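Enquirer: For reference, each letter of the sequence shown is one residue, going 176 to 235 in our numbering. Quick reminder that beta carbons are idealized off the backbone N, C-alpha and C, glycines included. Remember, it's a predicted structure, so these values are computed and weren't measured experimentally. Just dropping this structure here.
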Amino acid sequence: MMKEIFETISGLYANNLNEIRRTRGSESNFLRWENNQLINMHSQILSLRSRLRDISLKEE
Numbered sequence: 176m177m178k179e180i181f182e183t184i185s186g187l188y189a190n191n192l193n194e195i196r197r198t199r200g201s202e203s204n205f206l207r208w209e210n211n212q213l214i215n216m217h218s219q220i221l222s223l224r225s226r227l228r229d230i231s232l233k234e235e
């Protein structure tokens, strides 16, 4: 189960990163705000991935 959760989070991470890269440099205030939200989410996903990795290593 941990593997499936980790793969899902990794997929979210990749999609989020691609979206940040795609919209980077746009001048719209809304897009700037949206990118900031994506960056915050990206940070949370990284943290969650790290915690899940720690949990799965402890279970092994």
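Using DSSP with H/G/I as helix, E/B as strand and the rest coil, what is ARG199?
Expert: In this structure, ARG199 counts as coil in the three-state DSSP scheme.
Enquirer: What's the C-alpha gap between ASN215 and ARG199?
Expert: Each residue's alpha carbon lies about 14 Å from the other.
Enquirer: Cα separation between GLU179 and LEU192?
Expert: When rounded, the distance between both Cα atoms is 20 Å.
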